[in-house]
Each structure stands twice: as structure tokens, then as C-alpha cells.
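Numbers -15 to 466, taken from the working numbering, label the letters of the sequence shown in order. All residues carry an ideal CB built from backbone N, CA and C; glycine is no exception. The structure appears below as C-alpha cells.
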Amino acid sequence: MYLALQGLTHHRLRSLLTGGIVALIAFMVFMLTGLTRGLAHDNAALLIETPATHFVTTQDAEGVFSRSFITTPDLRALTGTLGPDATPLARTFTSLSAHTRQLSAVLIGVDPRGFLAPTPTQGAPLSTKNGAVVDESLQGDGVRLGDTLTLRPGGETVQVTGFTRSARLNHQPVIFIDLNRWHALNPRATGTVNAVALRGPAATLPAALTQRPRAQTLQALPGYREEQGSLTMIQGRGGVRDGRVLLRPDPAEDPAVRPAQGHRRQHPHAGRRRAAARRTALHPHPGRPARRVQPADRRRPEQPAPHRPRRPADRHRLGQLNPSGAPMITPLPGATRPAFRLAHLGFVLQSSNLIPYLTVREQLTLIPHLARRDARAATQQADALLARLGLSDRADHHPDALSGGQRQRVAIARALMNDPQLILADEPTASLDGPRGREVVKMLAREVHGRGRAAVMVTHDERVLNLCDRTVHIIDGQVHEA
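Below, the structure written as C-alpha cells:
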């Protein structure tokens, strides 16, 4: 969180642009989600808002009302058993005209005394006469109370006696009429209904019928499942990935718990295991910087072949020397390694690896911040260390305002902020010219001697060997003291 806030502060314009894009996409997702929800509700508002919990259809209809035709004997068996908790419905699509406008709707016949009868928001309830209670969305098409709707193509008429809300099915407004009137308008369906709505499941059903919960009936509604799938896709994939940070493997994660004596390392080469280091051991001493040198024309043993990813078998592990001084490494569990590195190790890498949006002072105080130390004391320690390394005038600068030598000095200062027992320097002079590289190593040696700490550097640069107390060469996998 600390680094994220610092990055936002440093890159204000980029952060504002990114935030604007994220907000725009979030707004689009919000709008699309609302639109899809609205379409789904418009498709099935009648079933979503109904008091019915189950619907009975014929078994071969698979829950689709338009395929189901329940006969009169089966209907009587249901209503005779369940009484008022079962009410029939019949539906058909119709075209109609209101004044001079041509409209389409779903014509539904129900029992005016049953629990499916619509509750009017305006006008009178549904009756057994020629009246109709219609969805209030028809008011937007100019339909008013008392209007006569002419059904096509037969020319039959119904009179609007009331309006109700949430009466839409298959994206069409619903016109409720008395069930007997519906049969009169649809003579070919006389003696049948499409479904029976239940308030609660039925214990027994006639053999030709089946019941489904309302949720399953909704899924069987044409188009409803597809619209719900679109909604799920928008919600699932509409989240914005602002960025992906690719982290390189932590150098300190790379080492295998082996005895300190006789370390052996191999790499795959041409189908065989080729030794890069044999029986190597190095024991740094406090107050003395040691240097491991390899000829510049040979590949460093730490580096696997560049075209091969690092594999778990090639990893070292991090351990701690036995307190008695015996050269045996005690393995550290993976969960404790970050805290161990933070408390006991300092790292100076080949490139300074400074965080671009932190100032020089913030680069240093980041280490105590991660260790949850007092911020004021950390700032004082950072200022004192910068003064000793000649960087006080650069404390408020960012890395892009520093020279290569200054950046490496900041990296050394950062490595010293936790007062480490061991400093590991990986090619600290690789990106510097001769004089600046020697200055950096001299400064590192001075700090190591002054603090009574140990340091190990890996390098190909032999121009600074005289600044180290001990030099070790690795030639053909063998360790040689200089």
C-alpha cells in the first residue's frame, strides 16, 4: 500500500488517466449490467413478481407454457385437491390496435377469483365481463382507461378497465382477461389450459403432468437463460485489470540447503548434467569484504542457460549457520525467510534497482517501514547515512536525476539501513566505468570495516581486487584462493 500510494503521487498524470479509464470502463460495466438486468426483468416480470411458487405443465412440454396443454379432467383433479392454492392460466400472443396504433401483447386468461388475478394500480379489478386489466406500459402507447382494444385478425374487442404493473412476458405487455373469455377468443384451445400455478408444491399429480419450481420455469422461458448468461458474462469479465506486475525471482530465494562444506551445483547441458561448481565453500568473516572472481569469458555459475527457465531442482535454499560456528546450515522454513533477509541481509545488485517513484530518502526509509520501525528514527538514520556517503544534497531527488555512481551509492545505503550481518553484492560495478566502480567498492569496503560486518561480492572486474581482504577464484568449477 505504501509503494502504491507513492507511485500514484509520483505519476499523477498517468494515475489520473488510468483512474479515468478505469472509471469509464466501470461505468460502462455498470450500465451494461443494468441494461441486461432490465432486459431480463422485462422478459419475465410476470413470473418474477407472481405469488406462485411452482407451475404445473405437461411432461412433454419441459416447462414451456406454449407447448403445454392440460386437459379439463387433469385440471379438475388438481383444483379439487389443492383448492384455492391452484389456479389455471392460458396464454397466447396477439396483435391489436388501439386508436390508430398497431401493438402486440400477450393475452392471458386467468380466474378473476384466483391468486393470479392482477392487482390494479388504476381502475377496477378484473371481472368476468368483457373487461381487461393491462400492463401500465401500454399507457406510453396512448392507451387509457375505458379504451377499446381491437384484436387482430378476428376483430374481437376488449375494454380496458384497469392498469397493473410488472405484467410483462417475453418483452411484451400482458393483457389479463377472464379465462372463459380467453377460451371464447381461442376456440381451438377450448377445454385446455397451458399451466396451473401453485402456492406450494403438490404432493401428487396426474401421470401426464409435472411441476417445476418458479426458478426452473424461468429458465425454460424462451430467451431468459441466454439473457442471464449475458449478464453473468458481463459481471464476470467486466472487471478491469489495471495492470500486471511481473516480478523477477528474488535472488535470495535461490539458494539449496546444503552443507556449507562441499557445495556442488549442476546445470543441464546437451542432455547431461554438467557441473558448474564442485566442492565449493566460502566463509566470510566479519569486518572483511571477500570477493569471488570468475574469468570474464566464462558464464557465471549462478546463471542458468538464458533460454531455459529456472526450475525448482536448480534452486538453493536459505539457511542459518549453526551458532557454535560449525559449518552446517540449519534450513529456514519458507515463511520465515523474508523476515530473516530483512533483518540480517543486505543486497547490492548489478543495477541499482531503485524504485523510480521514490526519492533517495524514501528508498532508504522503505526498509525500516517494511520492518515496522519508528518512522522518525528511520528518517534520522537515513539522513545520517546519506551524509556519510556524500548524498545529502540528493535526498529529495528521484533516481532519474542521479548519475550511475550515485544510484549505486544509494543502493549501498539502502543495503545498510537494516544494519545487516552480511552484505551480498552482485556485480555492483558492472554498469559503472573504472573510477566510479572503484569509488563504489571503496565505499562499500569502508562501511563493512567500520561496522564490523561481512560482505561477499561476485564480479568479473579485477581492477578492484586490492580493495578486498580476500579473493576467491572459481575456475572450471573449482575454488582457488588468490
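**Delimiting residues of the beta strand (DSSP E) encompassing I458** = R454 to I459
Next on the checklist: Taking its Cβ as the centre, do 16 or more other Cβ atoms sit within 10 Å of V118, making it buried, or is it exposed?
Outcome noted: buried
Between the CA atoms of H381 and R(-2) - distance to the nearest angstrom: 20 Å
Check your understanding: Which residues does DSSP pair with T55 in a beta bridge?
Key -> T176
Point to revise | Other residues of its chain near R85: CB distance less than 7 Å, five sequence neighbours each side excluded | key: D125 and G126
At 4 residues or longer, what runs of the alpha helix (DSSP H) sit wholly inside the region 187 to 211?
198 to 204
Assuming L23 and G93 form a contact by the criterion Cβ under 8 Å, report the distance between their Cβ atoms to the nearest whole angstrom. With 8 Å as the limit, L23 and G93 do not qualify as a contact, their Cβ atoms being about 27 Å apart.
| said: Please state whether the Cβ-Cβ distance between S336 and A429 is less than 9 Å. | reply: no
- Query: Under three-state DSSP, which class holds G328?
  - Reply: Just to set this straight, residue 328 is His in the shown sequence, not Gly. It is helical.
**Item:** Sheet register partners of I9 (DSSP bridge)
**Value:** According to DSSP, which records beta bridges pairwise, I9 is partnered with nothing at all.
**Request:** Confirm, please, whether the CB-CB distance from L153 to R75 is below 9 Å.
**Result:** yes
Next item on the list: Could you tell me if F77 is buried or exposed, where buried requires 16 or more neighbouring beta carbons within 10 angstroms of its beta carbon?
Entry: exposed
Cutoff 7 Å; reference N402; Cβ partners in own chain excluding five residues on either side: L326, A327, G330, I351 and A355
query: For V344, which residues from the same chain have a beta carbon less than 6 Å from its beta carbon, with the 5 sequence-adjacent residues on both sides left out?
result: R378, A379, H381 and V394
Discussion item. Comparing C-alpha positions only, which one of R435, T174, Q143 and L0 sits nearest to G107?
Written reply: Q143
Find the nearest neighbour of P412 within the set K426, P404 and Q405, judged by alpha-carbon distance. K426
Q | CA nearest to the CA of I459, picked from D453, H444 and C452 | A | H444
Query raised in the report: Could you give the residue range of the alpha helix (DSSP H) that holds L348?
Result: V344 to L354
Practice task
Could you check which residue in R97, A116 and T112 has the C-alpha nearest to that of L91?
Solution key: A116
Q: Compute the distance between the beta-carbons of G130 and T148, then report whether it is under 9 Å.
A: no
* In chain order, what residues of the same chain lie with their CB nearer than 6 Å to the CB of H464, ignoring the 5 residues before and after it? -> H457
**OP:** Apply the 10 Å Cβ neighbour rule to E120 and answer buried if 16 or more other Cβ atoms are within range, or exposed otherwise.
**Re:** buried
**Request:** Could you say which of V424, A439 and Q462 lies nearest to R447 if we only look at CA atoms?
**Result:** V424
What are the boundary residues of the alpha helix (DSSP H) that includes Q43?
That residue, Q43, is in no alpha helix (DSSP H); it is neither H nor E in DSSP.
Top-ranked residue by Cα proximity to S52, from P104, P35, P72 and P68: P72
Worksheet item: From this set, S415, Q156, P171 and L406, which residue's C-alpha is nearest G207's C-alpha?
Response: Q156
Where does the unbroken beta strand (DSSP E) through E465 begin, and where does it stop? Q462 to E465
Residues bridged to G107 (per DSSP): G146
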